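Here is the structure we will look at.
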Amino acid sequence: MSGIHTSATGDAEACDIAGLDGLAQLQAYIDGGRPLSPIAETLGFRLARIEAGEAEIVAEPGPHVLNGMGVAHGGYMATLLDAAVACAVHSLMPAGVGSTTVELKVNMVRALPVTVSPVRAIGRAIHTGRMLGTAEGRLIGPDGTLYAHATTTCAVLHPRK
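What the sequence shown shows, in the numbering used here, is residues 263 to 423, in sequence order.
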């Protein structure tokens, strides 16, 4: 599932989160009850705030995310935004229902120097329905400068009967 880490095998029940709604699953990251996902650990970001329909990812870009031009790689910016918008949608899922990104559109409006730190990716759900959820997000610097914005469509994953 995009936005949450279940276990190395992707088995939600192995991590005792299957009975929690999306908001509670995500809150467990902030409270320390869940380990960082491997991608969050690798890229150095964390879920800093979660509310129903809104998520905030905080990151401190460093040399590990540089592209050949000496600024943060666009894939890094997209990953931060994907995490934020996917978490925003997932926060609205009832217990036993998951979500995953099926489409992500990112507009990078300026280069992100790694000296700009911390950055925040803020995702806000726009719509959640039985089959799809949509959200938008913004990647901003500490002074409020916009570096990128995104929209997503997430599939809503119901348990198999």
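Each residue gets a CB set at the ideal place from its N, CA and C atoms; glycine is no exception.
Here the structure is a predicted model, which means the values were calculated and not measured.
Kindly indicate which three-state DSSP category residue i falls into: helix, strand or coil?
i: H326; result: helix
i: I279; result: coil
i: A317; result: strand
i: L285; result: helix
Applying the 10 Å Cβ sphere with the 16-neighbour rule, what's the burial state of residue i?
i: G406; result: exposed
i: L259; result: Missing from the structure shown is residue 259; the chain here goes from 263 to 423 and no further.
i: I301; result: exposed
i: T304; result: exposed
i: T390; result: buried
i: V371; result: exposed
So if DSSP puts residue i in a beta bridge, which residue, or which two residues, is it bridged to?
i: G399; result: G385 and A412
i: E365; result: T415
i: R308; result: V320
i: G250; result: No statement about residue 250 is possible, as the shown extent of the chain runs from 263 to 423 and does not include it.
By the DSSP assignment, the alpha helix (DSSP H) with residue i in it spans what residues?
i: A341; result: In the sequence as displayed, the identity of residue 341 is Thr instead of Ala. Note, T341: alpha helix (DSSP H), G336 to H352.
i: G295; result: Looking at the DSSP string, G295 is not in any alpha helix (DSSP H), and its letter there is neither H nor E.
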